[in-house]
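Asks: Below you will find the structure I want to go over with you.
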Amino acid sequence: EQSRLLELDRQLLSESNQLKLLEARITADELILREIGEIQFDEQAYQTLKSRLTALEGRYREFLSQTNYLDKEWPTTEAALLSNQTAIQQTQQDLAACQQALQQLNFDENAYAAAKLALAGFTEKYQAQSDQLRGLEKTGLELQAEQEKSLEKIRSNNRILAQISDKLEEVELLRKLAEMLGLFKTEILEKVSPGITREASELFTRITKGKYEGILVDENFDFAIADGGVFYPIDRFSGGEVDLANFCLRIAITKAIMDLSGSGHRMEFLAFDEIFGSQDEERRLEMMLALHYLQEQFRQIYIVSHIDSLKDYFPHLLEVQFAAEGSQALWR
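Numbering of the sequence shown is given in our numbering, commencing with residue 51 and proceeding in unit increments.
Structure (C-alpha coordinates):
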(Lines of atoms letter the chains of each structure in order from A and count residues from 1; the text may use other names and numbers.)
(Lines give C-alpha, C1' and ligand atoms only; values in the text may rest on other atoms or scores of the structure.)
Protein backbone atom coordinates (compact mmCIF):
# COMPACT_ATOMS: atom_id res chain seq x y z
CA GLU A 1 0.00 0.00 0.00
CA GLN A 2 2.88 2.35 0.76
CA SER A 3 4.49 1.67 -2.62
CA ARG A 4 1.20 2.46 -4.30
CA LEU A 5 1.00 5.75 -2.45
CA LEU A 6 4.55 6.54 -3.56
CA GLU A 7 3.60 5.78 -7.17
CA LEU A 8 0.55 8.05 -6.91
CA ASP A 9 2.74 10.82 -5.46
CA ARG A 10 5.10 10.51 -8.42
CA GLN A 11 2.19 10.67 -10.87
CA LEU A 12 0.77 13.70 -9.05
CA LEU A 13 4.13 15.43 -9.20
CA SER A 14 4.40 14.71 -12.94
CA GLU A 15 0.89 16.00 -13.60
CA SER A 16 1.66 19.13 -11.60
CA ASN A 17 4.76 19.78 -13.70
CA GLN A 18 2.77 19.30 -16.92
CA LEU A 19 0.12 21.69 -15.64
CA LYS A 20 2.75 24.32 -14.90
CA LEU A 21 4.16 23.95 -18.42
CA LEU A 22 0.72 24.34 -19.99
CA GLU A 23 -0.02 27.40 -17.87
CA ALA A 24 3.28 28.91 -18.96
CA ARG A 25 2.48 28.29 -22.64
CA ILE A 26 -1.01 29.78 -22.21
CA THR A 27 0.52 32.86 -20.60
CA ALA A 28 2.98 33.19 -23.48
CA ASP A 29 0.23 32.82 -26.08
CA GLU A 30 -1.88 35.47 -24.33
CA LEU A 31 1.07 37.86 -24.43
CA ILE A 32 1.47 37.25 -28.17
CA LEU A 33 -2.23 37.84 -28.78
CA ARG A 34 -2.15 41.08 -26.79
CA GLU A 35 0.77 42.25 -28.92
CA ILE A 36 -1.03 41.39 -32.17
CA GLY A 37 -4.22 43.02 -31.08
CA GLU A 38 -7.54 42.47 -32.72
CA ILE A 39 -7.60 41.27 -36.40
CA GLN A 40 -10.46 41.36 -38.83
CA PHE A 41 -10.62 37.76 -40.32
CA ASP A 42 -11.83 37.60 -43.96
CA GLU A 43 -13.32 34.14 -44.42
CA GLN A 44 -13.79 34.50 -48.19
CA ALA A 45 -10.21 35.60 -48.77
CA TYR A 46 -9.04 32.73 -46.62
CA GLN A 47 -11.03 30.19 -48.64
CA THR A 48 -9.81 31.69 -51.93
CA LEU A 49 -6.21 31.52 -50.79
CA LYS A 50 -6.71 27.98 -49.52
CA SER A 51 -8.14 26.91 -52.89
CA ARG A 52 -5.16 28.44 -54.73
CA LEU A 53 -2.76 26.66 -52.42
CA THR A 54 -4.56 23.39 -52.98
CA ALA A 55 -4.40 23.91 -56.77
CA LEU A 56 -0.71 24.77 -56.68
CA GLU A 57 0.25 21.95 -54.32
CA GLY A 58 0.63 19.37 -57.15
CA ARG A 59 2.81 21.68 -59.21
CA TYR A 60 4.82 22.47 -56.11
CA ARG A 61 5.39 18.78 -55.39
CA GLU A 62 6.40 18.22 -59.05
CA PHE A 63 8.77 21.16 -58.79
CA LEU A 64 10.28 19.70 -55.64
CA SER A 65 10.67 16.30 -57.37
CA GLN A 66 12.37 17.86 -60.41
CA THR A 67 14.54 19.97 -58.18
CA ASN A 68 15.64 16.90 -56.25
CA TYR A 69 16.31 15.06 -59.57
CA LEU A 70 18.36 17.97 -60.87
CA ASP A 71 20.30 18.19 -57.63
CA LYS A 72 21.02 14.47 -57.91
CA GLU A 73 21.83 14.27 -61.65
CA TRP A 74 23.50 17.61 -62.18
CA PRO A 75 27.03 16.59 -61.13
CA THR A 76 26.94 13.47 -63.35
CA THR A 77 25.47 15.37 -66.30
CA GLU A 78 27.97 18.18 -65.92
CA ALA A 79 30.86 15.68 -65.86
CA ALA A 80 29.49 13.89 -68.95
CA LEU A 81 29.11 17.23 -70.75
CA LEU A 82 32.71 18.13 -70.01
CA SER A 83 33.84 14.70 -71.20
CA ASN A 84 31.82 15.02 -74.43
CA GLN A 85 33.24 18.48 -75.05
CA THR A 86 36.74 17.08 -74.63
CA ALA A 87 35.92 14.19 -76.98
CA ILE A 88 34.49 16.62 -79.56
CA GLN A 89 37.65 18.68 -79.43
CA GLN A 90 39.78 15.54 -79.85
CA THR A 91 37.60 14.36 -82.74
CA GLN A 92 37.91 17.75 -84.43
CA GLN A 93 41.68 17.54 -84.06
CA ASP A 94 41.71 13.99 -85.47
CA LEU A 95 39.45 15.04 -88.36
CA ALA A 96 41.75 17.94 -89.19
CA ALA A 97 44.73 15.59 -89.13
CA CYS A 98 42.92 13.11 -91.40
CA GLN A 99 41.94 15.88 -93.83
CA GLN A 100 45.53 17.08 -93.91
CA ALA A 101 46.76 13.51 -94.49
CA LEU A 102 44.13 13.05 -97.22
CA GLN A 103 45.33 16.19 -98.97
CA GLN A 104 48.90 14.94 -98.80
CA LEU A 105 47.82 11.52 -100.15
CA ASN A 106 46.96 12.87 -103.59
CA PHE A 107 43.94 10.49 -103.90
CA ASP A 108 43.20 9.43 -107.52
CA GLU A 109 39.63 8.25 -108.05
CA ASN A 110 40.47 6.47 -111.32
CA ALA A 111 43.42 4.66 -109.78
CA TYR A 112 41.23 3.64 -106.86
CA ALA A 113 38.57 2.27 -109.22
CA ALA A 114 41.20 0.35 -111.21
CA ALA A 115 42.71 -1.06 -108.02
CA LYS A 116 39.26 -2.03 -106.77
CA LEU A 117 38.52 -3.78 -110.07
CA ALA A 118 41.87 -5.58 -109.96
CA LEU A 119 41.19 -6.63 -106.37
CA ALA A 120 37.80 -8.02 -107.41
CA GLY A 121 39.47 -10.03 -110.19
CA PHE A 122 42.12 -11.27 -107.80
CA THR A 123 39.40 -12.26 -105.33
CA GLU A 124 37.60 -14.27 -108.02
CA LYS A 125 40.84 -16.00 -109.04
CA TYR A 126 41.67 -16.65 -105.40
CA GLN A 127 38.23 -18.14 -104.83
CA ALA A 128 38.57 -20.32 -107.94
CA GLN A 129 42.02 -21.52 -106.87
CA SER A 130 40.71 -22.14 -103.35
CA ASP A 131 37.88 -24.26 -104.78
CA GLN A 132 40.39 -26.12 -106.94
CA LEU A 133 42.64 -26.65 -103.93
CA ARG A 134 39.76 -28.01 -101.86
CA GLY A 135 38.89 -30.33 -104.75
CA LEU A 136 42.49 -31.54 -104.88
CA GLU A 137 42.52 -32.04 -101.11
CA LYS A 138 39.29 -34.06 -101.36
CA THR A 139 40.76 -36.12 -104.20
CA GLY A 140 43.92 -36.61 -102.14
CA LEU A 141 41.91 -37.86 -99.17
CA GLU A 142 39.95 -40.21 -101.43
CA LEU A 143 43.20 -41.50 -102.96
CA GLN A 144 44.66 -41.90 -99.48
CA ALA A 145 41.60 -43.91 -98.42
CA GLU A 146 41.86 -46.04 -101.58
CA GLN A 147 45.56 -46.52 -100.90
CA GLU A 148 44.81 -47.64 -97.34
CA LYS A 149 42.21 -50.08 -98.67
CA SER A 150 44.72 -51.38 -101.20
CA LEU A 151 47.36 -51.77 -98.49
CA GLU A 152 44.86 -53.63 -96.33
CA LYS A 153 44.02 -55.89 -99.27
CA ILE A 154 47.74 -56.49 -99.81
CA ARG A 155 48.20 -57.31 -96.13
CA SER A 156 45.16 -59.61 -96.30
CA ASN A 157 46.52 -61.26 -99.44
CA ASN A 158 49.89 -61.70 -97.75
CA ARG A 159 48.17 -63.36 -94.80
CA ILE A 160 46.23 -65.58 -97.19
CA LEU A 161 49.44 -66.41 -99.07
CA ALA A 162 51.10 -67.29 -95.77
CA GLN A 163 48.13 -69.50 -94.89
CA ILE A 164 48.25 -71.05 -98.37
CA SER A 165 51.96 -71.68 -97.90
CA ASP A 166 51.26 -73.34 -94.56
CA LYS A 167 48.43 -75.35 -96.11
CA LEU A 168 50.67 -76.36 -99.01
CA GLU A 169 53.21 -77.61 -96.51
CA GLU A 170 50.44 -79.51 -94.73
CA VAL A 171 49.22 -80.88 -98.07
CA GLU A 172 52.74 -81.99 -98.91
CA LEU A 173 53.05 -83.64 -95.51
CA LEU A 174 49.67 -85.32 -95.96
CA ARG A 175 50.68 -86.43 -99.45
CA LYS A 176 53.87 -87.93 -98.10
CA LEU A 177 51.91 -89.48 -95.23
CA ALA A 178 49.36 -90.93 -97.65
CA GLU A 179 52.21 -92.25 -99.77
CA MET A 180 53.87 -93.77 -96.72
CA LEU A 181 50.55 -95.21 -95.53
CA GLY A 182 50.02 -96.66 -98.98
CA LEU A 183 53.47 -98.23 -98.87
CA PHE A 184 52.80 -99.40 -95.32
CA LYS A 185 49.43 -100.82 -96.37
CA THR A 186 51.03 -102.60 -99.31
CA GLU A 187 53.78 -103.96 -97.10
CA ILE A 188 51.33 -105.08 -94.43
CA LEU A 189 49.00 -106.63 -96.98
CA GLU A 190 51.89 -108.47 -98.60
CA LYS A 191 52.82 -109.74 -95.17
CA VAL A 192 49.41 -110.62 -93.72
CA SER A 193 47.27 -111.25 -96.81
CA PRO A 194 48.50 -114.83 -97.32
CA GLY A 195 47.99 -115.63 -93.63
CA ILE A 196 44.49 -114.08 -93.62
CA THR A 197 43.57 -115.98 -96.76
CA ARG A 198 44.88 -119.25 -95.32
CA GLU A 199 43.25 -118.86 -91.89
CA ALA A 200 39.90 -117.68 -93.30
CA SER A 201 39.88 -120.44 -95.93
CA GLU A 202 40.53 -123.20 -93.39
CA LEU A 203 37.78 -121.96 -91.06
CA PHE A 204 35.33 -121.37 -93.91
CA THR A 205 35.97 -124.84 -95.38
CA ARG A 206 35.55 -126.52 -91.99
CA ILE A 207 32.28 -124.75 -91.18
CA THR A 208 30.82 -125.42 -94.65
CA LYS A 209 32.15 -129.03 -94.45
CA GLY A 210 34.10 -128.67 -97.68
CA LYS A 211 31.31 -127.19 -99.78
CA TYR A 212 33.53 -124.22 -100.55
CA GLU A 213 37.28 -124.64 -100.97
CA GLY A 214 38.41 -121.29 -99.59
CA ILE A 215 38.46 -117.47 -99.51
CA LEU A 216 40.83 -115.17 -101.44
CA VAL A 217 41.62 -111.68 -100.05
CA ASP A 218 43.03 -108.98 -102.42
CA GLU A 219 45.06 -105.84 -101.62
CA ASN A 220 41.85 -103.83 -100.88
CA PHE A 221 40.51 -106.48 -98.50
CA ASP A 222 37.82 -107.40 -100.99
CA PHE A 223 37.34 -111.15 -101.04
CA ALA A 224 36.15 -113.92 -103.33
CA ILE A 225 34.83 -117.41 -102.51
CA ALA A 226 36.11 -120.55 -104.23
CA ASP A 227 33.43 -122.85 -105.59
CA GLY A 228 34.48 -125.84 -107.67
CA GLY A 229 38.06 -124.58 -107.82
CA VAL A 230 37.04 -121.19 -109.23
CA PHE A 231 36.96 -117.94 -107.19
CA TYR A 232 33.78 -115.93 -107.62
CA PRO A 233 32.83 -112.44 -106.31
CA ILE A 234 30.63 -112.41 -103.23
CA ASP A 235 27.55 -111.07 -105.05
CA ARG A 236 27.21 -114.58 -106.57
CA PHE A 237 26.46 -116.09 -103.16
CA SER A 238 23.58 -115.85 -100.68
CA GLY A 239 23.49 -113.48 -97.75
CA GLY A 240 24.09 -116.26 -95.25
CA GLU A 241 27.21 -117.47 -97.06
CA VAL A 242 28.55 -113.90 -97.29
CA ASP A 243 27.90 -113.36 -93.55
CA LEU A 244 29.70 -116.61 -92.80
CA ALA A 245 32.65 -115.57 -94.96
CA ASN A 246 32.78 -112.19 -93.11
CA PHE A 247 32.78 -114.08 -89.80
CA CYS A 248 35.74 -116.19 -90.92
CA LEU A 249 37.58 -113.12 -92.24
CA ARG A 250 37.12 -111.23 -88.94
CA ILE A 251 38.66 -114.09 -87.02
CA ALA A 252 41.52 -114.38 -89.53
CA ILE A 253 42.20 -110.61 -89.46
CA THR A 254 42.17 -110.61 -85.64
CA LYS A 255 44.77 -113.40 -85.59
CA ALA A 256 46.88 -111.50 -88.13
CA ILE A 257 46.79 -108.38 -85.93
CA MET A 258 47.81 -110.48 -82.94
CA ASP A 259 50.76 -111.87 -84.92
CA LEU A 260 51.84 -108.34 -85.93
CA SER A 261 51.53 -107.04 -82.35
CA GLY A 262 53.84 -109.70 -80.95
CA SER A 263 53.51 -111.82 -77.88
CA GLY A 264 53.74 -108.83 -75.52
CA HIS A 265 50.58 -107.19 -76.91
CA ARG A 266 48.13 -110.06 -77.19
CA MET A 267 44.48 -109.28 -77.84
CA GLU A 268 42.35 -111.02 -75.21
CA PHE A 269 38.87 -109.83 -76.17
CA LEU A 270 36.74 -110.71 -79.21
CA ALA A 271 33.14 -109.52 -79.87
CA PHE A 272 30.49 -110.45 -82.44
CA ASP A 273 27.01 -108.98 -82.98
CA GLU A 274 24.17 -111.04 -84.52
CA ILE A 275 26.35 -113.43 -86.51
CA PHE A 276 23.88 -116.34 -86.42
CA GLY A 277 20.76 -114.73 -87.86
CA SER A 278 21.37 -115.60 -91.52
CA GLN A 279 22.65 -119.19 -90.88
CA ASP A 280 20.78 -122.46 -90.70
CA GLU A 281 20.90 -124.59 -87.56
CA GLU A 282 23.72 -126.83 -88.80
CA ARG A 283 26.04 -123.93 -89.64
CA ARG A 284 25.21 -122.27 -86.32
CA LEU A 285 26.52 -125.35 -84.55
CA GLU A 286 29.66 -125.34 -86.72
CA MET A 287 30.21 -121.67 -85.89
CA MET A 288 29.79 -122.43 -82.17
CA LEU A 289 32.42 -125.18 -82.50
CA ALA A 290 34.76 -122.68 -84.14
CA LEU A 291 34.16 -120.20 -81.29
CA HIS A 292 34.88 -122.91 -78.72
CA TYR A 293 38.13 -123.57 -80.58
CA LEU A 294 38.99 -119.84 -80.27
CA GLN A 295 38.66 -119.99 -76.45
CA GLU A 296 42.23 -121.26 -76.34
CA GLN A 297 43.45 -117.99 -77.92
CA PHE A 298 41.11 -115.37 -76.35
CA ARG A 299 40.23 -114.98 -72.70
CA GLN A 300 36.83 -113.46 -73.53
CA ILE A 301 34.54 -113.88 -76.51
CA TYR A 302 31.48 -111.64 -76.36
CA ILE A 303 28.51 -112.50 -78.60
CA VAL A 304 25.22 -110.57 -78.94
CA SER A 305 22.33 -112.73 -80.18
CA HIS A 306 18.54 -113.01 -80.04
CA ILE A 307 18.41 -116.73 -80.89
CA ASP A 308 17.12 -118.62 -77.81
CA SER A 309 18.17 -122.05 -79.10
CA LEU A 310 21.85 -121.15 -78.65
CA LYS A 311 21.64 -120.22 -74.95
CA ASP A 312 22.75 -123.65 -73.76
CA TYR A 313 26.00 -123.44 -75.74
CA PHE A 314 27.34 -120.47 -73.74
CA PRO A 315 29.04 -121.00 -70.37
CA HIS A 316 28.00 -117.52 -69.19
CA LEU A 317 24.82 -115.73 -70.18
CA LEU A 318 23.88 -112.07 -69.55
CA GLU A 319 20.20 -111.84 -70.39
CA VAL A 320 18.47 -108.48 -70.89
CA GLN A 321 14.83 -108.51 -69.85
CA PHE A 322 12.30 -105.78 -70.62
CA ALA A 323 9.47 -104.75 -68.30
CA ALA A 324 7.06 -101.84 -67.89
CA GLU A 325 9.27 -100.22 -65.25
CA GLY A 326 12.39 -100.56 -67.41
CA SER A 327 14.97 -103.10 -68.58
CA GLN A 328 17.43 -105.09 -66.48
CA ALA A 329 20.37 -107.44 -67.16
CA LEU A 330 20.66 -110.74 -65.27
CA TRP A 331 23.48 -113.27 -65.26
CA ARG A 332 22.27 -116.80 -65.91
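Positions of the beta carbon are idealized from the N, C-alpha and C atoms, including for glycine. Everything numeric in this text was worked out from a predicted model, so none of it was measured.
Does the distance between the C-beta of E332 and the nearest non-hydrogen atom of the ligand GTP fall short of 7 Å?
Replies: In the structure on display, the ligand GTP does not appear, and there are no ligands present to speak of.
Asks: Under 8 Å, with one C-beta from each stretch per pair, do the stretch 333-348 and the stretch 374-381 reach the 3-pair mark?
Replies: No contact exists between the stretch 333-348 and the stretch 374-381.
Asks: Quick one: grab the DSSP three-state call for F271.
Replies: Coil at F271, not helix or strand.
Asks: Confirm, please, whether the CB-CB distance from V354 to D323 is below 8 Å.
Replies: Yes. Within cutoff.
Asks: For the alpha helix (DSSP H) containing Q116, list its first residue and its last residue.
Replies: E93 to L155 is the span of the alpha helix (DSSP H), which, as asked, contains Q116.
Asks: Who are the Cβ neighbours of T236 in its own chain at under 8 Å, not counting the five residues just before and after it?
Replies: Contacts found: E269.
Asks: Over what stretch of residues does the beta strand (DSSP E) that includes L380 continue unbroken?
Replies: Element bounds for L380: G376 to W381.
Asks: Just the C-alpha distance for E128 and T141, rounded to the nearest angstrom, thanks.
Replies: Rounded to the nearest angstrom, the two C-alpha atoms are 20 Å apart.
Asks: Assuming L310 and F273 form a contact by the criterion Cβ under 8 Å, report the distance between their Cβ atoms to the nearest whole angstrom.
Replies: Contact doesn't hold; Cβ gap of about 19 Å is too wide.
Asks: Given this structure, state the Cα-to-Cα distance separating R75 from L69, to the nearest angstrom.
Replies: Computed Cα separation, rounded: 10 Å.
Asks: Determine the burial state of E249: buried for a count of at least 16 other Cβ atoms within 10 Å of its Cβ, exposed for fewer.
Replies: It counts as buried.
Asks: Can you tell which of K305, A146, S328 and S251 has the C-alpha that lies nearest to the C-alpha of S288?
Replies: If we check each option's Cα against that of S288, S328 comes out closest.
Asks: In the DSSP output, what is A178 paired with across the bridge?
Replies: In the DSSP output, where bridge partners are listed per residue, A178 has none listed.
Asks: Around the C-beta of Y352, are 16 or more other C-beta atoms found within 10 angstroms, so that it is buried, or is it exposed?
Replies: Y352 comes out exposed.
Asks: Just the Cα atoms here: how many angstroms apart are R225 and E219?
Replies: Looking at the two C-alpha atoms, the distance is approximately 10 Å.
Asks: Quick one: grab the DSSP three-state call for I325.
Replies: Three-state DSSP puts I325 in coil, outside helix and strand.
Asks: DSSP puts I351 in a beta bridge; with which residues?
Replies: Partner(s): L320.
Asks: So, using beta-carbon positions, are I275 and A295 closer together than 8 Å?
Replies: Yes.
Asks: So what's G264 in DSSP terms, helix, strand or just coil?
Replies: Here G264 sits in strand by DSSP.
Asks: Determine whether the beta carbon atoms of R333 and I257 lie at a separation below 8 Å.
Replies: Yes, these two residues count as a Cβ contact at 8 Å.
Asks: Comparing alpha-carbon positions, which option in Y262, K261 and V267 lies nearest S243?
Replies: Taking only the C-alpha atoms, the option nearest S243 is V267.
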